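Participant: Starting off with a structure, shown below.
Number of protein chains: 2
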Amino acid sequence: MTETLMARRARLMGPNVPTFYDDPVHIVRGEGVWLWDAEGRRYLDCYNNVPHVGHCHPRVVEAIATQSARLNTHTRYLHGLVLDYIERLTATLSHDLSQMILTCTGSEANDIALRMAQAVTGKTGVIATDNTYHGNTTATAQLSTRRPPIGGYPAHVRRVPAPDSLHPVGGSREGQADAFAAHVAGAIADLQAAGVGFSALMICPIFANEGLPTLAPGFLDPAAKVVRDAGGLLLCDEVQPGFGRCGSHFWGHDWIGIAPDVVTVGKSMGNGYPVAGVIARPDVMAAFRGAFGYFNTFGGNPVSCAAAMAVLDVLEDEALQANAKASGAHALDRLRALDHPLIAEARGRGLFFGLELIHGDGSPATLRAAQLVETMRSRGVLLNRIGRHMNTVKMRPPMPFSRAHADLALDGLTAAFSELPDTRPDNG
Amino acid sequence: MTETLMARRARLMGPNVPTFYDDPVHIVRGEGVWLWDAEGRRYLDCYNNVPHVGHCHPRVVEAIATQSARLNTHTRYLHGLVLDYIERLTATLSHDLSQMILTCTGSEANDIALRMAQAVTGKTGVIATDNTYHGNTTATAQLSTRRPPIGGYPAHVRRVPAPDSLHPVGGSREGQADAFAAHVAGAIADLQAAGVGFSALMICPIFANEGLPTLAPGFLDPAAKVVRDAGGLLLCDEVQPGFGRCGSHFWGHDWIGIAPDVVTVGKSMGNGYPVAGVIARPDVMAAFRGAFGYFNTFGGNPVSCAAAMAVLDVLEDEALQANAKASGAHALDRLRALDHPLIAEARGRGLFFGLELIHGDGSPATLRAAQLVETMRSRGVLLNRIGRHMNTVKMRPPMPFSRAHADLALDGLTAAFSELPDTRPDNG
Numbered sequence: 001m002t003e004t005l006m007a008r009r010a011r012l013m014g015p016n017v018p019t020f021y022d023d024p025v026h027i028v029r030g031e032g033v034w035l036w037d038a039e040g041r042r043y044l045d046c047y048n049n050v051p052h053v054g055h056c057h058p059r060v061v062e063a064i065a066t067q068s069a070r071l072n073t074h075t076r077y078l079h080g081l082v083l084d085y086i087e088r089l090t091a092t093l094s095h096d097l098s099q100m101i102l103t104c105t106g107s108e109a110n111d112i113a114l115r116m117a118q119a120v121t122g123k124t125g126v127i128a129t130d131n132t133y134h135g136n137t138t139a140t141a142q143l144s145t146r147r148p149p150i151g152g153y154p155a156h157v158r159r160v161p162a163p164d165s166l167h168p169v170g171g172s173r174e175g176q177a178d179a180f181a182a183h184v185a186g187a188i189a190d191l192q193a194a195g196v197g198f199s200a201l202m203i204c205p206i207f208a209n210e211g212l213p214t215l216a217p218g219f220l221d222p223a224a225k226v227v228r229d230a231g232g233l234l235l236c237d238e239v240q241p242g243f244g245r246c247g248s249h250f251w252g253h254d255w256i257g258i259a260p261d262v263v264t265v266g267k268s269m270g271n272g273y274p275v276a277g278v279i280a281r282p283d284v285m286a287a288f289r290g291a292f293g294y295f296n297t298f299g300g301n302p303v304s305c306a307a308a309m310a311v312l313d314v315l316e317d318e319a320l321q322a323n324a325k326a327s328g329a330h331a332l333d334r335l336r337a338l339d340h341p342l343i344a345e346a347r348g349r350g351l352f353f354g355l356e357l358i359h360g361d362g363s364p365a366t367l368r369a370a371q372l373v374e375t376m377r378s379r380g381v382l383l384n385r386i387g388r389h390m391n392t393v394k395m396r397p398p399m400p401f402s403r404a405h406a407d408l409a410l411d412g413l414t415a416a417f418s419e420l421p422d423t424r425p426d427n428g
Numbered sequence: 429m430t431e432t433l434m435a436r437r438a439r440l441m442g443p444n445v446p447t448f449y450d451d452p453v454h455i456v457r458g459e460g461v462w463l464w465d466a467e468g469r470r471y472l473d474c475y476n477n478v479p480h481v482g483h484c485h486p487r488v489v490e491a492i493a494t495q496s497a498r499l500n501t502h503t504r505y506l507h508g509l510v511l512d513y514i515e516r517l518t519a520t521l522s523h524d525l526s527q528m529i530l531t532c533t534g535s536e537a538n539d540i541a542l543r544m545a546q547a548v549t550g551k552t553g554v555i556a557t558d559n560t561y562h563g564n565t566t567a568t569a570q571l572s573t574r575r576p577p578i579g580g581y582p583a584h585v586r587r588v589p590a591p592d593s594l595h596p597v598g599g600s601r602e603g604q605a606d607a608f609a610a611h612v613a614g615a616i617a618d619l620q621a622a623g624v625g626f627s628a629l630m631i632c633p634i635f636a637n638e639g640l641p642t643l644a645p646g647f648l649d650p651a652a653k654v655v656r657d658a659g660g661l662l663l664c665d666e667v668q669p670g671f672g673r674c675g676s677h678f679w680g681h682d683w684i685g686i687a688p689d690v691v692t693v694g695k696s697m698g699n700g701y702p703v704a705g706v707i708a709r710p711d712v713m714a715a716f717r718g719a720f721g722y723f724n725t726f727g728g729n730p731v732s733c734a735a736a737m738a739v740l741d742v743l744e745d746e747a748l749q750a751n752a753k754a755s756g757a758h759a760l761d762r763l764r765a766l767d768h769p770l771i772a773e774a775r776g777r778g779l780f781f782g783l784e785l786i787h788g789d790g791s792p793a794t795l796r797a798a799q800l801v802e803t804m805r806s807r808g809v810l811l812n813r814i815g816r817h818m819n820t821v822k823m824r825p826p827m828p829f830s831r832a833h834a835d836l837a838l839d840g841l842t843a844a845f846s847e848l849p850d851t852r853p854d855n856g
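If you want it as structure tokens, here you go:
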């Protein structure tokens with residue numbers, strides 16, 4: 001069955017279409033933190049952040065079904081739902097972040113954010129970390145291209161070393177914030193010398209794709225000052241940390257303590273319904289709307305707003321941010337209690353965890369991390385990897401993930417570590 | 429009520445957010461070809477192509493509701509629906525267009541199509557018409573920018589004069605195909621001389637945004653030959669003509685008779701659910717997948733495939749392409765029978781119509797077209813304008829639009845013309 005599906009995929013979708021696991025799972029049903037495959041096997045979902053309030057949450061499903069039956073048009077007609085949603089979401093934000101454009105994907109949102117910075121500054125130069133991902137459009141993919149782009153590397157992009165837990169920028173954890181800021185300053189100077197000028201630093205405030213390094217609030221203060229002093233904007237990609245994921249705060253930038261000029265959201269916003277958005281200060285929005293025409297056919301349609309509103313309702317009524325904090329703390333305690341020579345660091349923020357594996361010689365245990373992920377899949381627990389060397393096990397479950405679910409996952413991890421074939425350095 | 433909504437929009441969405449009509453309509457419900465506003469007033473929808481099989485079609489709503497309650501994940505797990513859909517859709521296409529990437533929006537699809545051409549040719553130069561629209565991402569918006577872009581006009585884009593009904597490229601309708609091709613050849617030479625090289629011509633095969641000019645099958649043959657001879661790709665934007673809209677053919681490129689290398693779809697594909705896609709030959713797909721990494725979180729999720737599949741079911745079971753042909757022919761007959769000195773040409777293709785208005789001196793009657801649209805809105809019929817001078821009334825109703833609906837719209841138009849204040853040249 002799986003093999004037939006893989007062959008059909010290759011025939012209909014082409015080569016190199018990403019899948020998870022050596023033996024990809026064929027999922028047919030979801031509910032809460034659980035997924036079922038075609039043979040009826042149940043998996044604990046410790047990976048997916050898109051079904052933020054749980055797979056197929058009945059209130060979100062009901063909101064989508066009801067509004068789909070009533071009306072689904074675009075924002076060139078008037079409709080109350082899109083306004084109600086923006087009003088409610090921006091009420092969770094500070095820093096005068098009070099206006100919003102709704103899109104369908106986080107990629108579209110970040111693509112707009114980059115143009116907002118251009119509109120405000122009149123410049124195009126943009127800085128991101130060298131191990132990030134901000135989207136799949138041409139413009140956003142330029143921030144994370146790993147293959148030489150056709151036509152050459154874009155002149156307006158600079159990448160700075162990503163913060164790291166085990167190998168801090170500048171060599172020490174204490175000095176990492178200043179060292180990171182110094183790299184940003186150098187990139188700004190380089191963009192200015194090249195004549196393109198500096199428009200923005202785009203950043204995920206918890207550095208999720210960079211491997212969720214251990215950082216303290218205030219880490220971005222020196223870099224933010226450098227950006228401000230150069231007249232640039234701070235674009236905060238909240239696609240992963242936003243909507244309470246961090247437990248302690250509703251937004252990642254509030255945890256790390258910076259004041260973004262633009263915030264982007266996506267993935268979790270509609271619990272799987274394709275809706276995303278860009279939130280900005282009125283002056284930034286006005287600059288964008290003055291410099292660029294923009295309309296998104298599906299963006300802000302009533303069904304997407306009903307779905308996104310239902311997500312906020314469930315987050316509130318089921319106290320899921322508080323759950324992320326409590327369950328997250330419990331899971332992190334248990335992750336830290338894991339005892340295995342490969343484990344270099346267990347780290348977490350709310351319901352987002354990284355477990356970095358290295359060998360005795362300090363080299364990344366990439367292959368071991370991969371084996372662990374495969375073992376967990378065969379044990380019915382879905383998780384994956386992140387980080388520059390893909391040697392960090394990544395757990396980022398739906399928000400209703402409870403202490404009991406965490407115990408299940410950690411019991412599985414404990415067993416999986418004991419099943420690892422050996423722990424000798426393999427440079428894998 | 430409306431004023432309050434407009435004020436809230438400005439506060440929450442910022443300035444310059446596009447709306448239709450001097451007095452924007454506040455739509456709260458839709459069914460088939462009908463929309464209702466907050467005061468219960470009914471409108472005949474002669475504009476919207478997104479609700480392709482009719483607003484809130486119960487079979488599409490049911491498909492969305494059922495699948496949303498069952499599972500909504502991404503394509504890194506295996507799922508049959510995305511494969512079933514690609515198999516069924518590509519069966520309607522020739523030219524070995526047999527592989528597909530699903531996205532959320534037509535903009536994302538066109539953004540990929542541009543990169544496919546880069547991957548195949550190793551070049552970046554792209555040509556589009558000078559009065560088109562292919563999307564809202566940074567890369568696609570560069571094809572239709574009307575304001576000077578920040579950082580300057582991109583070096584890899586050339587625009588050629590759009591085909592036109594009343595003012596044909598080259599001066600005559602008979603010579604327009606060759607004249608258009610000559611402009612494409614000139615743009616290719618220019619791109620090659622500039623060192624960026626030529627990758628593709630991106631085109632809507634019915635030139636919908638250009639004003640739906642009267643053209644005959646074969647029109648694009650000379651331009652297609654020029655593109656082929658230069659080693660470039662033909663990227664066909666089927667977001668508007670596709671899915672039977674043209675009546676005579678399921679795809680616009682089959683009507684005009686060209687063999688695209690890449691076809692993009694959007695808007696109508698999911699009847700309002702945000703789903704879109706790129707279809708290509710296996711060699712083109714392989715080149716793209718070899719040169720670029722690409723994953724779309726929401727693209728090809730099971731709910732989007734269920735919605736898109738339901739659209740194909742309804743198109744078939746309700747014979748909507750045949751309806752587009754028959755109702756479209758009837759509506760076009762009646763449009764051509766309209767008698768008013770402002771009318772320069774009534775043209776149509778299936779359920780897509782343009783009614784171009786000019787003054788006695790040949791100048792575009794832009795203001796009169798705008799007045800007509802406003803009058804129709806006040807008479808309960810929603811339509812709009814297109815074309816370089818926005819002097820062409822545009823009708824593009826949902827596909828279940830019947831002869832009776834056409835008669836209602838045309839009776840309205842007849843009355844609206846009689847209500848136009850005067851017909852003297854106003855250069856409006």
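Protein sequences appear in the order of chains E and S.
Per this note's numbering, numbering of the first sequence is gapless, rising by one per residue and ending at 428.
Per this note's numbering, numbering of the second sequence is gapless, rising by one per residue and ending at 856.
The beta carbon of each residue, even a glycine, is placed where N, CA and C say it ideally should be.
Bear in mind that the values here come from a model prediction, so they are computed numbers and not experimental data.
(1) Would you grab the beta carbon distance between G244 of chain E and A324 of chain E for me? Rounded to a whole angstrom, and I think it's under 8 Å.
(2) Whole-angstrom Cβ separation of T549 of chain S and G659 of chain S, contact assumed at under 8 Å?
(3) Going by DSSP in three states, T518 of chain S sits in which element: helix, strand or coil?
(4) Take V823 of chain S as the anchor and find which of S:V654, S:A738, S:L841, S:Q749 has the nearest alpha-carbon.
(5) Can you find a C-beta in chain S that's less than 7 Å from the C-beta of H389 of chain E?
(6) Give me the residue from E:A223, E:P205, E:N136 with the minimum Cα distance to Q176 of chain E.
(7) Compare the C-alpha of T531 of chain S against each of S:P702, S:V821, S:S791 and name the closest.
(8) Am I right that I707 of chain S and L525 of chain S are in contact with their C-beta atoms under 8 Å? What's the rounded C-beta distance?
(9) Relative to the C-alpha of R41 of chain E, which candidate in E:V50, E:G30, E:N48 has its C-alpha closest?
(10) Along chain E, in chain order, which residues have C-beta atoms closer than 9 Å to that of E536 of chain S?
(11) Using 8 Å as the Cβ pair cut-off and three pairs as the minimum, do the segment 69-88 of chain E and the segment 494-503 of chain S touch?
(12) Is C46 of chain E close to chain S, meaning its C-beta is less than 7 Å from at least one C-beta of that chain?
(13) Does the pairing of the segment 369-387 of chain E with the segment 176-191 of chain E give three or more beta-carbon distances under 8 Å?
(14) What are the complete alpha helix (DSSP H) segments, minimum 4 residues, inside the segment 224-296 of chain E?
(15) Report the option in S:L648, S:G698, S:A537 whose CA atom is closest to the CA atom of G680 of chain S.
(16) Can you name the residues of chain S whose CB is closer than 8 Å to the CB of R70 of chain E?
(17) Does any CB atom of chain S fall closer than 7 Å to the CB of N394 of chain E?
(18) Going along chain S in order, which residues have a C-beta closer than 8 Å to the C-beta of V25 of chain E?
(19) Roughly how many whole angstroms lie between the Cα atoms of M630 of chain S and G270 of chain E?
(20) Kindly indicate which three-state DSSP category M390 of chain E falls into: helix, strand or coil?
(21) Using the DSSP secondary-structure output, state which residues sit across from I631 of chain S in a beta bridge.
(22) In the structure shown, what three-state DSSP assignment does N855 of chain S receive?
(23) Is the beta carbon of A545 of chain S closer than 7 Å to that of A628 of chain S?
(24) Per DSSP, which one or two residues make a beta bridge with L357 of chain E?
(25) Give me the Cα-Cα distance between G211 of chain E and L355 of chain E, rounded to the nearest whole angstrom.
(26) Please return the same chain residues whose Cβ sits closer than 7 Å to the Cβ of H562 of chain S, not counting the five positions on each side in sequence.
(27) For D23 of chain E, count the other beta carbons within 10 Å of its own beta carbon; 16 or more makes it buried, fewer makes it exposed. Which is it?
(28) Below 8 Å on the Cβ atoms is my guess for V265 of chain E versus G242 of chain E; work out the distance and round it to an integer in Å.
(29) At least one CB of chain E closer than 7 Å to the CB of D539 of chain S: is that the case?
(30) Select from E:F352, E:P341, E:I258, E:R8 the residue whose C-alpha is nearest the C-alpha of P364 of chain E.
(31) If you follow the alpha helix (DSSP H) that T129 of chain E is in, where does it begin and where does it stop?
(32) On the three-state DSSP scale, how would you describe G32 of chain E?
(33) Taking G553 of chain S as the reference, which of S:A757, S:V655, S:Y449 has the closest Cα?
(34) Classify Y561 of chain S as helix, strand or coil using the three-state DSSP reduction.
(35) Any idea if R574 of chain S is buried or exposed, counting beta-carbon neighbours within 10 angstroms, 16 or more meaning buried?
(36) Quick one: Cα of G428 of chain E to Cα of P149 of chain E, how far?
Facilitator: From the atom records:
(1) Sequence index remark: in the first sequence, residue 244 of chain E carries index 244 (1-based). Sequence index remark: in the first sequence, residue 324 of chain E carries index 324 (1-based). Confirmed, about 6 Å.
(2) As a first step, residue 549 of chain S must be located in the second sequence, where it is residue number 121. As a first step, residue 659 of chain S must be located in the second sequence, where it is residue number 231. A Cβ-Cβ separation of about 6 Å places T549 of chain S in contact with G659 of chain S under the 8 Å criterion.
(3) As a working mapping, residue 518 of chain S is identified with position 90 in the second sequence. DSSP places T518 of chain S in helix when its eight states are reduced to three.
(4) Sequence index remark: in the second sequence, residue 823 of chain S carries index 395 (1-based). With the sequence shown as reference, residue 823 of chain S is identified as Met, and Val is not the correct amino acid for it. Looking at the Cα atoms, S:L841 is the closest of the given residues.
(5) Start at 1 with the first residue of the first sequence, and residue 389 of chain E comes out as number 389. For H389 of chain E, not one C-beta of chain S is nearer than 7 Å to its own C-beta.
(6) The sequence position of residue 176 of chain E within the first sequence is 176, counting from 1. Among E:A223, E:P205, E:N136, the Cα nearest to that of Q176 of chain E is on E:A223.
(7) Working through the second sequence from its first residue, we reach residue 531 of chain S at position 103. Here the closest residue by C-alpha is S:P702.
(8) Against the second sequence, residue 707 of chain S aligns to sequence position 279. Against the second sequence, residue 525 of chain S aligns to sequence position 97. That pair is a contact at about 5 Å.
(9) Translated into positions along the first sequence, residue 41 of chain E becomes position 41. Nearest C-alpha to R41 of chain E: E:G30.
(10) Stepping through the second sequence from its first residue, residue 536 of chain S is reached at position 108. Result: C104, T105, S107, E108, N136, T137.
(11) The segment 494-503 of chain S and the segment 69-88 of chain E do not touch, with fewer than three beta-carbon pairs separated by less than 8 Å.
(12) As a working note, residue 46 of chain E is residue 46 in the first sequence. With 7 Å as the cut-off, C46 of chain E does not count as an interface residue toward chain S.
(13) Contact between the segment 369-387 of chain E and the segment 176-191 of chain E is absent: fewer than 3 CB-CB pairs across the two stretches fall below 8 Å.
(14) The qualifying runs are 252-256, 282-291.
(15) Taking the second sequence and counting its residues from 1, one reaches residue 680 of chain S at position 252. If we check each option's Cα against that of G680 of chain S, S:L648 comes out closest.
(16) Working through the first sequence from its first residue, we reach residue 70 of chain E at position 70. Within 8 Å of the CB of R70 of chain E, the CB atoms of chain S belong to V456, R457, G458, C484, in sequence order along the chain.
(17) What you label residue 394 of chain E is simply residue 394 of the first sequence in a count that begins at 1. This sequence places Lys at residue 394 of chain E; Asn is not what is there. Taking CB atoms only, K394 of chain E has no neighbour in chain S less than 7 Å away.
(18) Taking the first sequence and counting its residues from 1, the one referred to as residue 25 of chain E is at position 25. Y505, L506, listed in chain order.
(19) Residue mapping note: residue 630 of chain S aligns to position 202 of the second sequence, counting from 1. Residue mapping note: residue 270 of chain E aligns to position 270 of the first sequence, counting from 1. Each residue's CA atom was taken as its position, placing M630 of chain S and G270 of chain E some 33 Å apart.
(20) Here the question's residue 390 of chain E lines up with position 390 in the first sequence. Reduced to three states, the DSSP call for M390 of chain E is coil.
(21) Along the second sequence, one-based indexing puts residue 631 of chain S at 203. Paired residue(s): S:C664.
(22) Residue mapping note: residue 855 of chain S aligns to position 427 of the second sequence, counting from 1. Since pLDDT at N855 of chain S reaches only 42, below the 50 mark, its modelled position is unreliable, and the value read off the structure follows with that caveat. Coil at N855 of chain S, not helix or strand.
(23) Your numbering for residue 628 of chain S matches position 200 in the second sequence. Your numbering for residue 545 of chain S matches position 117 in the second sequence. One thing to note: A628 of chain S has its Cβ within 7 Å of the Cβ of A545 of chain S.
(24) Here residue 357 of chain E corresponds to residue number 357 of the first sequence, with the count starting at 1. For L357 of chain E, which the question treats as bridged, DSSP gives the partners E:I343.
(25) Reading the first sequence from its first residue, position 211 is the one you call residue 211 of chain E. Reading the first sequence from its first residue, position 355 is the one you call residue 355 of chain E. Their backbone Cα atoms lie some 9 Å apart in a straight line.
(26) Taking the first residue of the second sequence as 1, we reach residue 562 of chain S at position 134. The residues are N538, A556, T568, L571, S572, M630, D665.
(27) Looking up residue 23 of chain E in the first sequence gives position 23. D23 of chain E counts as exposed, since fewer than 16 other beta carbons sit within 10 angstroms of its beta carbon.
(28) For the purposes of this step, residue 265 of chain E is taken as the residue at position 265 of the first sequence. For the purposes of this step, residue 242 of chain E is taken as the residue at position 242 of the first sequence. Contact holds; Cβ gap of about 5 Å.
(29) As a first step, residue 539 of chain S is located in the second sequence; it is residue number 111 there, counting from the start. Chain E, which has a Cβ nearer than 7 Å to the Cβ of D539 of chain S, makes this yes.
(30) Translated into positions along the first sequence, residue 364 of chain E becomes position 364. Measuring C-alpha to C-alpha distances from P364 of chain E to each of E:F352, E:P341, E:I258, E:R8 identifies E:P341 as the nearest.
(31) In the first sequence, the residue the question calls residue 129 of chain E occupies position 129. From DSSP, T129 of chain E is part of no alpha helix (DSSP H) but of the beta strand (DSSP E) over 125-129.
(32) Residue mapping note: residue 32 of chain E aligns to position 32 of the first sequence, counting from 1. Strand at G32 of chain E.
(33) Mapped onto the second sequence, residue 553 of chain S falls at position 125. When only C-alpha atoms are compared, the closest one is S:V655.
(34) Along the second sequence, one-based indexing puts residue 561 of chain S at 133. If DSSP states are grouped into helix, strand and coil, Y561 of chain S belongs with coil.
(35) Numbered from 1 along the second sequence, position 146 holds the residue referred to as residue 574 of chain S. By the neighbour-count rule (16 or more Cβ atoms within 10 Å), R574 of chain S is not buried but exposed.
(36) Residue mapping note: residue 428 of chain E aligns to position 428 of the first sequence, counting from 1. Residue mapping note: residue 149 of chain E aligns to position 149 of the first sequence, counting from 1. A caution first: G428 of chain E carries a pLDDT of 42, below 50, which makes its placement in the model too unreliable to give a value.
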